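This report refers to the structure that appears directly beneath it.
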Amino acid sequence: MEENKASNFIEEIIEQDLKDGKYDSILTRFPPEPNGYLHMGHAASICLNFGVAKKFGGKTNLRFDDTNPVTEDTEYVESIQQDVHWLGFDYANIFYASDYFNQLFEYAIQLIQQGDAYVCDLTADEIAVQKGTPTEAGTNSPYRNRSVAENLDLFLRMKAGEFKEGEKTLRAKIDMSSSNMQMRDPLLYRIKFAHHHRTGDQWCIYPMYDFAHGQSDSIEKITHSICTLEFVPHREVYDWLIAKLGIYPSKQYEFARVNINYTVMSKRKLKQLVEENHVAGWDDPRMPTISGMRRRGITAAAIRNFCEKAGIAKREKVNEFSLLEFCTREDLNKIALRRMVVFNPVKVLITNLENEVALDIEDNPEDEKSGTRKVAFTKEIFIEKDDFVETPQKKIFKMEIGQAIRLKGAFIVTCNEVIKDADGVISEIHCSYHLDSQSGKDTSGIKVQGTLHWVSAQYAVPVEIREYDRLFKVENPSDEEGDFKDYINENSLVVISTALAEPALRNATTREHYQFLRKGYFYLDKEATDKKIIFNKTVGLKDNWSKK
Ligand code: ATP
Ligand code: MG
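For the sequence shown, the numbering used here assigns the number 1068 to the initial residue and increments by one for each residue that follows.
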């Protein structure tokens, strides 16, 4: 049972509950509101909810918390399902809180009949005032002592659409002097004449979070209802409602939100970035959304690993973006196919090469099962402009006149001459290759200090490269003065249109990840076509970014 050892406090609770025989098996749920695309915080919640269930032989439901008709949309419902699957998790059931609207309505009737809920005519502003403060008790609503009969009549008429929005609410009758503000007669239902993405125009009253959430948990017999810390004060309401209704006693547990620096992690803010065109959509590779990270080339395994390392805490903290990059590199190093792409090319002529040489170059030295690919070594090739220097520097090994250097997977070449145009710009570099120095069968005895990537001029294909930087200039844009959007990094996207790739990349797909030698990890963008090949830079080979 070693593998089932608890690795965070939520797992410890579950482990203990199972030991105590409280449950035969556990059931968790992931309850997103379908009002945006999922982000890294949700990924953490998914990994936790599905992770603990898997670890302790239980199951997890996916439940759309779709009780607010105004902000929800089927597009979001679909993207959320896709994201959960992509992260590698299977749900036992897919439910919608809106499936329970009839049942919730029945529960409301039950509370009214028990004298535990009443219809209130106060406006939202009046309710806010009579709610009191954390140090001062609230005052009872003048409608608090309506008779059961009157409450029933009014509630049915609310449902029938006889009142305007905001005119009446249904409230739980708990305690206006409770030290917990949430217990001061919380709202259970409000009137909203809005079209719902699933129930259409069937309802004009909608349950509030407090009323829908715990009851949905109970209906599904969720054993451990895991949510984030802001719901701690709601737990008392959660328990009160379940007790009053006498329904399945689901239990709520809270953990701290997972944050990352240099970004924002709230659907509301991410939506603003999309709607105001600061990014190219929810799946823009700079976004901390699951779909954005996927498009960038970050793998599900890397995200799961990040969530594991970030951990489940009782107190909020901000994780370093570079931790996600570390996890990404770690995974991609194992799986990425190695390819050569020259970003800023200069031509090199191999003066003594007559016929092209067919080379076999390994796809991934980290993976024994990966094979090799054919690469043609031709008379004209390209290397990076930056890889040639006229004035040699210590400890930096580049191509320089009179020196030998290896071309990856090919031969050692010696640079003999540079040709410049009238403006003094290098137009061509002349080298000669050493016939007996081919990689893997080198008998030349020549010692070289460096290896350069290159592409054949004859066969290279042009590709567009999109490189990304942090989306924000500051670590915590939400904590800064003014609007978080004032801190957007305008230079977070750099497009390189001069790059030339080895021909194998003509067949690149999103089923593969690539390491461009000496450049980083790259992933084919969804906008790529046969005519225009586009790669997103997922992450560099080294961490150039964390705390300098
Ligand atoms: P947002 O503020 O981004 O809209 P939310 O909490 O309102 O987030 P929901 O769709 O209601 O989003 O959340 C679904 C689940 O994901 C909830 O259980 C919520 O607690 C959890 N969750 C949301 N954000 C985070 C986060 N940053 N870290 C961990 N869990 C999160
Ligand atoms: Mg929410």
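Note that beta-carbon positions come from the ideal geometry of N, C-alpha and C, so glycine has one too. Just so it is clear, the structure is predicted and the values come from calculations on it, not from any experiment.
Straight-line Cα distance separating residue j from residue i
| i | j | result |
| --- | --- | --- |
| proline 1136 | proline 1209 | 30 Å |
| glutamate 1569 | alanine 1347 | 29 Å |
| glutamate 1082 | leucine 1094 | 13 Å |
| asparagine 1169 | isoleucine 1289 | 19 Å |
| glutamate 1594 | threonine 1577 | 11 Å |
| glutamate 1069 | glutamate 1547 | Low confidence applies here, because glutamate 1069 scores a pLDDT of 44, under 50, leaving its location unreliable; read the following figure in that light. Distance between the alpha carbons of glutamate 1069 and glutamate 1547 is about 45 Å. |
| proline 1253 | threonine 1200 | 14 Å |
| lysine 1381 | isoleucine 1293 | 12 Å |
| isoleucine 1601 | proline 1355 | 21 Å |
| lysine 1235 | glutamine 1177 | 19 Å |
| aspartate 1398 | serine 1246 | 49 Å |
| methionine 1248 | proline 1098 | 24 Å |
| proline 1101 | threonine 1141 | 8 Å |
| lysine 1615 | glutamate 1423 | Because the pLDDT of lysine 1615 is 41, which lies under 50, any placement of that residue in the model is unreliable, and the question is left without a value. |
| aspartate 1509 | aspartate 1503 | 6 Å |
| aspartate 1111 | glutamate 1232 | The amino acid occupying residue 1111 in the given sequence is alanine; aspartate does not appear at that position. The alpha-carbon atoms of alanine 1111 and glutamate 1232 are separated by roughly 37 Å. |
| glutamate 1447 | histidine 1345 | 42 Å |
| threonine 1565 | glycine 1491 | 21 Å |
| isoleucine 1077 | tyrosine 1320 | 8 Å |
| valine 1299 | isoleucine 1532 | 46 Å |
One or two residues paired with residue i in a DSSP bridge
| i | result |
| --- | --- |
| phenylalanine 1097 | Leu1129 |
| leucine 1416 | Glu1447 and His1497 |
| glycine 1267 | His1263 |
| histidine 1106 | Thr1356 |
| tyrosine 1143 | Per DSSP, none; premise fails for tyrosine 1143. |
| valine 1485 | Ile1496 |
| asparagine 1344 | Paired residue(s): none; asparagine 1344 is not in a bridge. |
| valine 1473 | One point to set straight first is that residue 1473 is arginine, not valine, in the sequence displayed. Answer is Ile1479 and Thr1518. |
| alanine 1184 | Ala1239 |
| methionine 1466 | Phe1455 |
| glutamine 1582 | Arg1405 and Tyr1588 |
| phenylalanine 1162 | Arg1130 |
| phenylalanine 1602 | Ile1532 and Leu1591 |
| glutamate 1203 | Thr1200 |
Within 8 Å, strictly: CB atoms of residue i and residue j
| i | j | result |
| --- | --- | --- |
| tyrosine 1661 | arginine 1130 | Residue coverage of the chain in this structure runs from 1068 to 1615, which leaves residue 1661 outside it and unanswerable. |
| lysine 1401 | aspartate 1434 | yes |
| valine 1606 | arginine 1265 | no |
| leucine 1404 | tyrosine 1581 | yes |
| valine 1409 | phenylalanine 1464 | no |
| phenylalanine 1014 | serine 1523 | For the chain, the structure presents residues 1068 to 1615; residue 1014 sits outside this window and is missing. |
| isoleucine 1272 | arginine 1257 | yes |
| leucine 1519 | aspartate 1454 | yes |
| valine 1413 | isoleucine 1327 | no |
| tyrosine 1535 | proline 1544 | no |
| cysteine 1482 | isoleucine 1468 | yes |
Start-to-end residues for the beta strand (DSSP E) that takes in residue i
| i | result |
| --- | --- |
| histidine 1291 | 1291-1295 |
| phenylalanine 1589 | 1587-1591 |
| tyrosine 1273 | 1272-1274 |
| leucine 1254 | 1254-1258 |
| tyrosine 1320 | 1318-1322 |
| lysine 1089 | Run containing lysine 1089: none; DSSP gives neither H nor E here. |
| asparagine 1574 | It is not in any beta strand (DSSP E) - asparagine 1574 carries neither H nor E in the DSSP assignment. |
| asparagine 1326 | 1325-1327 |
Element boundaries [alpha helix (DSSP H), containing residue i]
| i | result |
| --- | --- |
| valine 1196 | 1191-1197 |
| arginine 1224 | 1215-1226 |
| arginine 1302 | 1302-1312 |
| asparagine 1075 | Per DSSP, asparagine 1075 belongs to no alpha helix (DSSP H) and is neither H nor E. |
Quick one: which unbroken alpha helix (DSSP H) runs of 4-plus residues sit fully inside the stretch 1358-1446? Chain order, please. As far as the stretch 1358-1446 is concerned, its whole alpha helix (DSSP H) runs of at least 4 residues are 1367-1377 and 1388-1402.
Enumerated in chain order, which unbroken segments of the beta strand (DSSP E) with a length of 3 residues or greater are wholly contained in the stretch 1513-1567? Look at the stretch 1513-1567 and you find these whole runs of beta strand (DSSP E), each 3 residues long or longer: 1528-1535 and 1560-1563.
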